[in-house]
Structures are given as C-alpha cells and as structure tokens.
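Read the structure below first, then the notes.
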Amino acid sequence: MTEHPEAVGCGHLGATPHPAYVWGTSIVVLGVLLHLPMYVASRDVQFHMRGMAMDPWMQVGMIAIAIGLVLSYAGIALPTRRTELLAGAGSPSPTATVRSAARPQVDTEAPSDRLRPAHRRLVAALIFAVAIDTQKPFTFTFIVPDAAAEYGLSTPAAPVPGALPVALLPLSGIVGTAIGSFIWGFLGDRIGRRSALLFAAVLFVATSVCGAMPSFTWNVVMCFVMGLGAGGMLPAAYALLSETMPTRHRGKLLVLVGGMGTALGFVAAALAAAWVMPVFGWRIMWLIGAPTGLALLYASRFIPESPRFLLARGRSAEAGDVLNTFGSPLPMLGGLDGSTGDRRTSVVSLFSRPYTYITAGLVICSAAWGVVTFGFLVWLPDNVAALGVGTEQINDVLARSALIALPAAVVVAWLYARWSSYRTMVSAALLTALVLTVFGLTGPAVAQTATALLVLVLVLLVGTWAVAAVVTPYSAEVYPTDVRTRGAAITAGAGKLGGVVALTMAATGITPPGLAASATLAAIPMLVGAALLLAFAVETRAQPLEMVTATLDRERRP
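Counting in numbering that gives the first Met the number 0, the sequence shown tops out at residue 557, every number present.
Here it is as structure tokens:
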C-alpha cells in the first residue's frame with residue numbers, strides 16, 4: 000500500500016496525521032481542560048456559575064482553543080492542497096476539467112455486490128458521528144429550564160418581565176447550524192468529506208466549553224459556534240456514504256444511518272439528562288461533548304476519504320488504496336460522474352440546468368419540513384388549547400404518536416431502497432401537505448375529537464419524518480461529485496430556516512399564527528416542492544452515481 004504521510008486527510012486508512020493537526024488538537028484539548036477548574040469550584044453551589052468572573056486559567060484556555068483550531072485546520076487542509084497540486088489538480092480550471100475526463104471513474108461495487116467488513120465499520124462510525132451531531136440540538140430540550148432558572152431568563156411557561164428570553168440559546172444554536180451547513184458544504188467539496196468530518200469533531204471538542212461559560216452572553220456565543228460545527232456533519236456523512244457504498248445497498252444505508260444516528264442521539268441526550276445532569280448540573284450536558292468528540296476522532300480511523308472525491312482531485316494512488324480496502328477495483332477509463340469539459344463546479348451549478356428545479360424542490364420541501372417541525376408542531380399545544388383542548392391531552396397525543404411513528408422508519412427505508420427514491424420523497428411530501436391541508440380546513444372541528452386529532456398528528460409525524468429522512472440522502476445521490484456535499488448542505492440548511500423563524504418569534508415575543516394559518520403556512524410550500532420534484536426529479540434507486548449524473552447531463556444538452 001502506498002504511503003502518503005503528508006496528509007491527514009488522505010483517502011487510505013492509517014495515514015500519518017500531519018504534525019500541525021496533532022499539535023492543534025492537543026492544544027484544543029488542553030484549552031478545554033483549563034476551563035474545568037472553575038466548573039469544579041462551583042460544585043458547592045450546584046454548579047451554578049452565574050456572576051463568576053473568568054479566572055486566568057479559563058482566559059488562557061480560550062486563547063489556546065483558538066490557536067489549536069487554526070493549527071488543526073491547517074494540518075488538515077494545507078497538506079491536502081499540497082497533495083492535489085503535486086497531482087496536477089488544485090483549483091478547477093478548463094485544462095484541469097479536461098484532464099479529469101481521462102481519469103478512471105469510480106466503481107464502489109464489490110465483486111459480489113455485498114457489504115465487506117470495511118463497509119460495516121464505516122457505517123457504524125458514521126452512525127456514531129450522526130448520533131453525536133444530533134445529540135446537541137436534543138440537549139436543548141433538557142437544559143433550557145435549568146439554564147433559565149440560573150440566569151433568571153423568561154420562558155413561555157414562566158415569563159419574567161424585562162428578562163432576556165431563554166429562546167436565545169436554541170436560536171443561536173440553530174442559526175449557527177444553518178450557517179454551518181453552507182460552510183461545511185463548501186469544505187466537504189474543497190478539502191474532502193473525511194477532512195470536513197475531522198475538523199467538525201475537533202470543533203465539537205472545543206465548543207464543549209460552552210458548559211463552563213459563566214455569563215449568559217458567552218453561552219449564546221458558544222452555542223452559535225457549536226452550531227457551526229454541527230451544521231455540516233450530516234451533509235458530509237451522507238456524501239461520503241453515497242460515494243462509498245455499493246449501489247444495491249446505498250439507498251437503504253443512507254436512510255438507515257440518518258435514522259439510527261438521530262434516534263441514538265436522542266437516547267444519548269435523554270440518558271445523560273436522567274443520569275448525569277441531576278448530579279453535575281445542566282452544564283455537564285455540554286461538557287460531555289469533549290469526550291464524545293475525542294471518541295469520534297478515534298472512530299475516524301474507520302472513515303476513509305471518498306474515492307470519487309480523491310479521483311476528482313487527481314489523487315489516484317490514494318483512491319486505489321481506498322478501493323482496495325473495500326474490495327473494489329479501478330474500472331475502465333471514463334468521465335467521473337459523467338463529467339464533461341463544460342461542467343461548472345461552483346455552487347451556481349446547483350441552480351443551473353439540469354438541477355434548477357430539482358434544487359428548488361429539495362430546498363422548498365426541506366424548508367417546509369422546518370416550518371412543520373419547529374413551527375406547527377411546537378405551536379400545536381397552544382393552538383389547540385385556545386380551542387378548549389387541554390395541554391396535557393395534546394402533549395399525550397404527541398407522545399403516543401411519536402412512539403407509533405417510529406416503526407415507519409423501517410418502511411420508509413424499504414420504500415426508498417426497493418420501490419423508488421424520488422417517488423418515496425414525493426409521496427412523503429404529499430402526505431404531509433394533505434394532513435396540513437385538513438388541519439387548515441377543519442382544524443377547530445378536528446381538535447375537539449381526540450381520535451381524529453391522534454390520527455392526524457400520527458400521520459403528520461410519519462410524513463414529516465419521512466421527508467426529513469429522504470431529502471438530504473437524495474441530495475447526496477443526485478448531484479455530481481464536485482458539488483455533492485454543497486448540494487446536500489443546502490438542502491439540510493434550508494430545513495433549519497423554519498427553526499430560525501419559529502425561535503425568532505419566541506425570542507421576540509411575537510404571537511405565533513393560529514392552527515389554520517400555521518398549517519397553511521407549511522402546506523403551500525410543501526405542495527410546491529412536491530410538484531417540482533414529481534416533475535423534474537430522477538430515479539436514483541439501484542443506479543450508479545455516474546449513471547444518475549449522465550441521465551441529467553443528457554437533459555441539459557439542447
């Protein structure tokens with residue numbers, strides 16, 4: 000096996016990390032440790048740190064973290080850039096694009112089209128990565144009441160006149176996540192999927208110090224930075240998975256990794272809140288991000304770089320190492336992903352033919368999902384309470400519906416992999432829009448009938464979960480290698496916009512719309528997105544990624 004000791008972002012497993020990455024990560028860990036003395040000193044006051052001044056160790060620790068992050072990124076990105084320049088790649092240019100047409104296309108099919116141990120290790124590592132990523136937004140559910148009590152913040156359940164709203168915490172996090180989706184989309188296509196995941200893991204370790212911030216202002220700032228790191232994990236993971244798995248297994252594994260990772264993230268947050276938070280306070284929920292981030296860095300030994308990305312950047316020797324690990328040969332010569340000399344590799348290409356309406360449909364559906372998840376469902380208890388339905392009753396309906404909806408994950412994965420990828424996506428969007436329409440037209444009457452309300456909420460949860468489970472995986476399949484992570488990131492980021500809107504309303508005290516209005520607000524864009532996808536989306540099930548791109552390229556030609 001060829002050695003590439005100069006690049007931590009190398010495609011093959013076991014590459015020697017660059018010294019800058021090792022030193023940078025070590026300095027980040029040291030900076031985190033320097034935050035702990037103040038946290039430990041607060042144990043006699045139930046780990047309440049409000050009003051405490053930052054000690055010198057914490058100030059040094061913050062400087063160390065900043066320096067360590069710069070070094071870590073340099074150790075990941077700069078060697079990758081050097082390798083590409085030596086390989087004759089580097090920044091896309093007309094001549095470089097023409098050269099890419101002579102490179103071997105990637106075939107991730109193992110000889111028997113079966114999953115090898117290396118595939119299984121990668122799937123397990125990415126499930127773990129997604130779980131760590133999704134644990135963070137779920138954590139807000141458990142810490143908000145205690146954080147509000149410590150800082151004297153205003154909450155919907157306990158408004159405090161003149162106090163800052165506690166919604167600023169999750170709002171800063173979700174704004175960071177939305178922005179991070181676009182940043183990490185660019186990084187994943189520029190420095191590599193694996194490299195982007197590595198730096199996100201380092202950032203997870205660094206931002207765990209959010210739990211040791213004495214002031215509420217610093218908590219908000221660190222939640223924003225934490226969101227920046229969390230925003231890019233899913234797009235990079237989906238892009239890497241789609242480019243590595245055998246075609247026959249790709250669809251179901253994309254949905255499985257997202258579904259299982261999200262479920263495990265919620266379980267991890269819930270268990271930590273039940274077992275650890277009562278002993279060490281709400282701040283420990285952020286501090287455990289350091290060991291879990293380090294665990295993810297360890298698990299990265301099972302995460303190779305995408306062979307398609309490596310070949311697109313002219314790093315054929317590394318691509319060969321990865322393909323050997325997965326038992327896949329380098330096939331005959333041909334254009335990578337159906338690449339042609341006039342392919343544009345900027346984000347603009349996502350909104351140009353043949354992707355214009357596909358991107359629009361994915362973005363609109365994802366944004367509508369965000370409105371449902373962070374808006375309609377959050378406002379539902381208050382809206383039905385205004386119609387005379389008890390809050391406890393609707394909360395019970397939501398809980399029971401969520402439990403019943405979980406088995407639907409298996410059905411969605413099966414439909415996506417065995418029936419049709421884009422038809423599953425369109426069906427989920429139409430089902431969600433249909434239920435929202437019923438709420439919009441007959442909401443007050445339905446809210447008075449417990450059985451009808453339970454059925455509608457159940458179907459709505461199934462539909463919205465299905466939309467979330469398939470739109471980003473589909474994005475990771477339908478776009479070409481050069482912009483795949485950015486395509487998945489734009490789709491994922493659009494879903495956060497609904498959360499930004501809903502939490503902004505909560506933070507500014509704006510009264511949310513009523514039942515019919517909130518349902519209509521989500522139903523219309525969901526219908527529009529479903530119509531666009533039904534008309535312009537292409538089938539990706541059981542199709543090699545090169546064939547998907549070639550199909551769309553044929554549509555682009557006059």
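We put the beta carbon where it would ideally sit given N, CA and C, even for glycine.
Going by beta carbons, V219 and H34 fall outside the 8 Å limit.
If you ignore the 5 residues before and after S299, its C-beta comes within less than 8 Å of the C-beta of A124, R193, L196, L197, A200, all in its own chain and listed in chain order. Within the segment 482-526, the runs of alpha helix (DSSP H) at least 4 residues long that lie entirely inside it are, in chain order, 483-507.
For G508, same chain residues with a beta-carbon under 8 Å away, outside a window of 5 residues either side, are P164 in chain order. Shown here for G179: same chain residues with a beta carbon closer than 7 Å to its own, the five before and five after excluded, namely G226, L227, G228, A229, G230, G231 in chain order. Each of A289, R483, L551 was checked against the Cα of I64, and the nearest Cα belongs to A289.
Excluding its 5 nearest sequence neighbours in each direction, M244 has C-beta neighbours in its own chain below 6 Å: L252, listed in chain order. Of the residues assessed, G30 falls on the buried side of the cut-off, its CB having 16 or more other CB atoms within 10 angstroms. The DSSP-derived three-state label of P353 is coil. From the listed residues T450, A536, G250, A147, the smallest Cα separation to W418 is found for G250. Take F127, set aside five residues on each side of it, and the residues of its chain with a beta-carbon closer than 6 Å to its own are A298, in chain order. Spanning the alpha carbons of L293 and L286 requires a straight line of approximately 12 Å. Distance from the Cα of V69 is smallest, within the candidate group S214, V21, T450, for V21. Exclusion of the five residues before and after M259 leaves I126 as the residues of its chain whose Cβ lies within less than 6 Å of its Cβ. Between A534 and Y356, the C-beta spacing is below 8 Å. In this structure, G172 lies away from F137, with their beta-carbon atoms at least 8 Å apart. Put simply, of V466, V469, L168 the residue whose alpha carbon is nearest the alpha carbon of M212 is L168. Taking a cut-off of 8 Å for Cβ pairs, the segment 354-374 and the segment 471-478 touch, as three or more such pairs fall below it. The segment 261-277 and the segment 482-496 do not touch, with fewer than three beta-carbon pairs separated by less than 8 Å. Scanning its chain for C-beta atoms nearer than 6 Å, with the 5 sequence neighbours on each side dropped, one finds around A432 the residues A522, M525, L526, in chain order. Per DSSP, the beta bridge partners of S153 are P164. Taking 8 Å as the cut-off, the beta carbon of V477 is found closer than this to the beta carbon of T539. Annotated as distal: V256 and A235, with beta-carbon spacing of 8 Å or more. Straight through space, the alpha carbons of G161 and S71 are spaced by roughly 42 Å.
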